[in-house]
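Under the working numbering, the residue at position 218 of the sequence shown is numbered 229, and the numbers go up by one with no gaps. To start, the structure under review is shown below, and the notes come after it.
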Amino acid sequence: MTIAGREKTLDTAGAAVRPRNPRVSPTRRRSPDTATGAASTPGDYAISGRASIEIPITPADLLSLNDRGASKQAALHKAAKVAHLRDTVFTLLKQARLPRGVGFVRVQLHYQPETNRIRDDDNLAATAKPIYDAFTPHRDAKATKKGGKLHVVAARVGYGMVPDDDPAYIDKPPPIIHPVQRGARARLWLEITWGPVKPPTAAQAFTSETLALARLALTGDTTAVRTYLARSADRHRIWYPELTSQLTALLTETASTRSPLRTTTAETACG
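Here it is as structure tokens:
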């Protein structure tokens, strides 16, 4: 298990082997540089953290949208699988000592099957639902009457990392299915990212970054452009790590090449 850049090991039973300092310290981020004109909400990148949690599971533990519980026994079996998965994730979150009551969290589900058989990717949505529920607060059992009949809603454990599974508090990207590794067992794991408020969407971030870069590019100051790109790569490291990786690679490879912003007088005349 990796937490904010540190590793934490789980044994096969799911018990955590604590490091010397088991406390989770969210990675502190600098606020965006508004001097360049990049639009952002204050605090978007002030405090964020990441964690990776492996869920011990077998293919038989996975849920399916086709499991509708046609009989009472089937319904009870499905309910037991849902509760087991939710309880497992709750226990792992507790062992990892992740923060509670954060403003926003993104939960990326990863699955690596052990066979290459054709599968319906949408079925992972059934497995993901109790996983997301584990991030919400605990719910006590309650009984209500509808049409003269008593309906009992069972208690549900919850870690309380966010107040609700509404999109305003939790982002649920489509599950990622990885290629089969020969001889490897099926794996299910979560990449968790959190922060104080909901970050800008990729489209919003792209728009603000493009406008800021356009202003700098028009001045022809390549040093300012490189400085801004470096700050942008650092700013998006938590929420958009792929963008950070690509920007860093671009800055590295262009260090030894000629900038497209530098245009000679002759080239300008020809244009």
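Virtual Cβ for every residue (Gly too), placed ideally from N, Cα, C. Because the structure is a prediction, the values reported are computed rather than measured.
Query raised in the report: How long is the line joining the alpha carbons of L258 and T238, rounded to whole angstroms?
Result: By one-based count along the sequence shown, residue 258 stands at place 247. By one-based count along the sequence shown, residue 238 stands at place 227. Each residue's alpha carbon lies about 12 Å from the other.
Query raised in the report: DSSP puts W250 in a beta bridge; with which residues?
Result: In the sequence shown, counting from the first residue as 1, residue 250 sits at position 239. Note: W250 sits in no beta bridge, so no partner.
Query raised in the report: Going by the beta-carbon positions, is the gap between Y122 and D176 smaller than 8 Å?
Result: For this step, residue 122 is matched to residue 111 along the sequence shown. For this step, residue 176 is matched to residue 165 along the sequence shown. Taking 8 Å as the Cβ cut-off, Y122 and D176 do not qualify as a contacting pair.
Query - Nearest neighbour of Q119, chosen from A213, A91, K183 [CA to CA] - result: Numbered from its first residue, the sequence shown carries residue 119 at position 108. For Q119, the closest alpha carbon among the candidates A213, A91, K183 is that of K183.
**Report entry** Collapsed DSSP secondary structure at T102 in the structure displayed
**Finding:** In the sequence shown, residue 102 corresponds to position 91, counting from 1. It is helical.
Requested in this report: Return the CA-CA distance between Q84 and A195, expressed in angstroms with no decimal places.
Outcome: Indexing the sequence shown from 1 puts residue 84 at position 73. Indexing the sequence shown from 1 puts residue 195 at position 184. Rounded to the nearest angstrom, the two C-alpha atoms are 33 Å apart.
Query - Closest Cα partner of L262 within the set A235, R150, L76 - result: To locate residue 262, count along the sequence shown from 1; it is residue 251. The residue with the shortest Cα to Cα distance from L262 is A235.
Query raised in the report: Any contact of the stretch 71–78 with the stretch 92–100, i.e. 3+ C-beta pairs under 8 Å?
Result: Segments in contact, yes.
**Report entry** Y251 beta carbon near the ligand GDP (any heavy atom closer than 7 Å)
**Finding:** Looking for the ligand GDP in the displayed structure turns up nothing, as the structure carries no ligands at all.
**Report entry** Secondary structure of D72, DSSP reduced to three states
**Finding:** Position 61 of the sequence shown, counting from 1, holds the residue named residue 72. In the three-state reduction of the DSSP assignment, D72 falls in the helix class, which pools H, G and I.
Query raised in the report: Nearest to P252 by alpha carbon, out of E264, Q192, I203?
Result: Within the sequence shown, numbered from 1, the residue matching residue 252 stands at position 241. The shortest C-alpha separation from P252 is found at I203.
Query - Identity of the residue in A145, A90, A139, L76 nearest G169 by Cα - result: Translated into positions along the sequence shown, residue 169 becomes position 158. Out of A145, A90, A139, L76, A145 has the C-alpha closest to the C-alpha of G169.
**Report entry** Beta-carbon contacts of A179 that lie in its chain and below 7 Å, excluding the five residues immediately before and after
**Finding:** In the sequence shown, residue 179 corresponds to position 168, counting from 1. These residues qualify, in order along the chain: K209.
Report task. Please confirm whether I137 and P186 have their CB atoms less than 8 Å apart. Result -> Taking the first residue of the sequence shown as 1, we reach residue 137 at position 126. Taking the first residue of the sequence shown as 1, we reach residue 186 at position 175. In the sequence on display, residue 137 carries Ala and not Ile. Cβ distance not < 8 Å, so A137 and P186 don't count as in contact.
**Report entry** Beta-carbon proximity list for A90, same chain, < 6 Å, skipping 5 on both sides
**Finding:** As a first step, residue 90 is located in the sequence shown; it is residue number 79 there, counting from the start. When the five nearest sequence neighbours on each side are left out, no beta carbon in the same chain lies closer than 6 Å to the beta carbon of A90.
Query raised in the report: For I142, which beta-bridge partners are listed by DSSP?
Result: For the purposes of this step, residue 142 is taken as residue 131 along the sequence shown, with counting starting at 1. DSSP links I142 through a beta bridge to no other residue.
Requested in this report: Could you spell out where the beta strand (DSSP E) holding A154 opens and where it closes?
Outcome: Locating residue 154 in the sequence shown gives position 143, where the first residue counts as 1. Start and end: 153–157.
Query raised in the report: On the premise that G206 lies in contact with S59, defined as a C-beta separation below 8 Å, what is that separation, rounded to the nearest angstrom?
Result: Here residue 59 refers to the residue found at position 48 when the sequence shown is read from its first residue. Here residue 206 refers to the residue found at position 195 when the sequence shown is read from its first residue. Correct: roughly 4 Å between the Cβ atoms.
Query raised in the report: If I68 sits next to L201, beta carbons under 8 Å apart, how far is it from one beta carbon to the other, in whole angstroms?
Result: In the sequence shown, the residue the question calls residue 68 occupies position 57. In the sequence shown, the residue the question calls residue 201 occupies position 190. Not quite, the Cβ-Cβ distance comes to about 11 Å (not below 8 Å), so this is no contact.
**Report entry** Collapsed DSSP secondary structure at H149 in the structure displayed
**Finding:** Numbered from 1 along the sequence shown, position 138 holds the residue referred to as residue 149. Judged by DSSP in its simplified three-state form, H149 adopts strand.
Query raised in the report: Alpha carbon to alpha carbon, how far is P174 from P110?
Result: For this step, residue 174 is matched to residue 163 along the sequence shown. For this step, residue 110 is matched to residue 99 along the sequence shown. Rounded to whole angstroms, P174 to P110 spans 12 Å at the Cα level.
Query raised in the report: In whole angstroms, what separates the C-alpha of N134 from that of H88?
Result: Position 123 of the sequence shown, counting from 1, holds the residue named residue 134. Position 77 of the sequence shown, counting from 1, holds the residue named residue 88. The alpha-carbon atoms of N134 and H88 are separated by roughly 17 Å.
Requested in this report: Give the DSSP-derived three-state secondary structure of D232 in the structure shown.
Outcome: Position 221 of the sequence shown, counting from 1, holds the residue named residue 232. Secondary structure of D232 (DSSP, three-state): coil.
Query raised in the report: Span of the beta strand (DSSP E) holding G169?
Result: Here residue 169 refers to the residue found at position 158 when the sequence shown is read from its first residue. Note, G169: beta strand (DSSP E), 167–170.
Query raised in the report: Thinking C-alpha only, which one of T102, H189, G171 is nearest V113?
Result: What you label residue 113 is simply residue 102 of the sequence shown in a count that begins at 1. For the set T102, H189, G171, the Cα lying nearest the Cα of V113 is the one of G171.
Report task. Determine the closest residue to E125 out of I64, F101, V191, F115, with distance taken between C-alpha atoms. Result -> The residue given as residue 125 occupies position 114 in the sequence shown. Ranking the options by Cα distance to E125, first place goes to V191.
Requested in this report: Check each candidate in F101, A216, Q106, S256 and name the one with the smallest Cα separation from R150.
Outcome: As a first step, residue 150 must be located in the sequence shown, where it is residue number 139. Between R150 and the set F101, A216, Q106, S256, the nearest pair of CA atoms involves F101.
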